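Peer 1: Residues are numbered in the numbering used here as their position in the sequence shown, beginning at 1, plus a constant of 4.
Questions regarding the structure given below will be posed in turn.
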Amino acid sequence: MAGKAPTMPEPIGTVLLAAGRGTRFGASPKLLSLLDGKPLVRHAAEAAVAADLGPVVAVLGHAAEAVRGALAGLPLTLVENPDYTDGLSTSLRAGLEALPERVAAALVVLGDMPRIGPGLLVLLAEAFRSASVTPSAVVPVRDGQRGNPVLLNRRLLAPGLATLTGDRGAGPLLARRDDVVELSVDEAGVLIDVDTPAALAGLT
5 MAGKAPTMPE
15 PIGTVLLAAG
25 RGTRFGASPK
35 LLSLLDGKPL
45 VRHAAEAAVA
55 ADLGPVVAVL
65 GHAAEAVRGA
75 LAGLPLTLVE
85 NPDYTDGLST
95 SLRAGLEALP
105 ERVAAALVVL
115 GDMPRIGPGL
125 LVLLAEAFRS
135 ASVTPSAVVP
145 VRDGQRGNPV
155 LLNRRLLAPG
165 LATLTGDRGA
175 GPLLARRDDV
185 VELSVDEAGV
195 LIDVDTPAAL
205 AGLT
């Protein structure tokens, strides 16, 4: 008699936040700036797709058509956030709402963090799946400092996420909870975001 087929793990979604204006970067759209020959935002998107954990949603806002072009050919869902000028919190909610209902947890990947690899995303997912008690979130920690991306339990955090406003992500919400798993990592990229041309130059 044939054995049972292996049980597939529940999918974990990814929300790629690519809607911000990047005001400290000057007149040109930050996420379209080239790093190693590719737009900044495509580095993060390719990592999310390569991790192969579940559906990937990219949230667009500022320079939406140009960012859409930078992500062309990747197997992800593009969602435009008309309220992106009201801050990151609106893009986070738009991305989470665009994921299928069956997806209980989601990684939140910032479009301006190009040194995040798919291996790190897989580690965060494994930490969530293997926890003895289902956590509200998994956050990477390097040198004692919490970084990004974070993995959010959509069901446990739904009430709190609904109250976020302005240019804040889930950080303040997680700071008040004691059911967050902190995952120590060696990857320096969890603390590296590109906010200025000088920061970008430092990565080349």
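No residue lacks a Cβ here, since even glycine has one placed at the ideal position from N, Cα and C.
Please read all numbers here as calculations on a predicted model, not as lab measurements.
(1) Got a sec, what are the start and stop residues for the beta strand (DSSP E) Glu-105 sits in?
(2) Could you pull out every unbroken alpha helix (DSSP H) segment of at least 4 residues lying fully inside the stretch 134 to 183, listed in chain order?
(3) Is DSSP giving Leu-207 helix, strand or coil here?
(4) When we look at the beta-carbon of Gly-137 and count the other beta-carbons within 10 Å, is it buried (16 or more) or exposed?
(5) Could you spell out the range, first to last residue, of the alpha helix (DSSP H) harbouring Leu-44?
(6) State yes or no: is the beta carbon of Gly-175 nearer than 9 Å to at least one beta carbon in chain C?
(7) Using CA coordinates, which residue listed in Glu-101, Thr-18, Gly-170 is at the minimum distance from Asp-56?
(8) Only counting the same chain, and skipping five residues up and downstream in sequence, which positions put a Cβ closer than 6 Å to that of Ile-16?
(9) Do Met-117 and Val-61 have their beta-carbon atoms positioned less than 9 Å apart in this structure?
(10) Grab me the residues of Leu-36's own chain with a C-beta within less than 8 Å of its C-beta, minus the 5 sequence neighbours each way, in chain order.
(11) If you draw a straight line from the C-alpha of Ala-166 to the C-alpha of Ala-48, how long is it?
(12) Where Ala-51 and Ile-120 are concerned, what is the direct C-alpha to C-alpha distance, given to the nearest angstrom?
(13) Below 8 Å, can you find three or more Cβ-Cβ pairs linking the stretch 85 to 94 to the stretch 138 to 147?
(14) Locate the beta strand (DSSP E) running through Glu-84, then write down its first and last residues.
Peer 2: Based on what the coordinates show:
(1) For Glu-105, no beta strand (DSSP E) encloses it, and the DSSP letter there is neither H nor E.
(2) Contiguous alpha helix (DSSP H) elements confined to the stretch 134 to 183 occur at 158 to 165, 175 to 179, taking only those with 4 or more residues.
(3) Here Leu-207 sits in coil by DSSP.
(4) The sequence given here has Val at residue 137, not Gly. Within 10 angstroms of the beta-carbon of Val-137 lie fewer than 16 other beta-carbons, which makes it exposed.
(5) In this chain, the alpha helix (DSSP H) harbouring Leu-44 covers 44 to 55.
(6) Absent from the structure: chain C. Only one protein chain is present.
(7) For the residues Glu-101, Thr-18, Gly-170, the minimum Cα distance to Asp-56 belongs to Thr-18.
(8) For Ile-16, the CB contacts under 6 Å within the same chain, skipping 5 residues up- and downstream, are Leu-57, Gly-58, Ala-109, Ala-129 in chain order.
(9) Not a contact, by the Cβ cut-off of 9 Å.
(10) If we look at Leu-36 and ignore the five residues flanking it on each side, its Cβ neighbours are Pro-43, Leu-44, Val-45, Ala-67, Ala-70, Val-71, Ala-74.
(11) Approximately 25 Å, taken between the alpha carbons.
(12) If you take the alpha carbons of Ala-51 and Ile-120, they lie about 7 Å apart.
(13) These segments do not touch.
(14) Residues 81 to 84.
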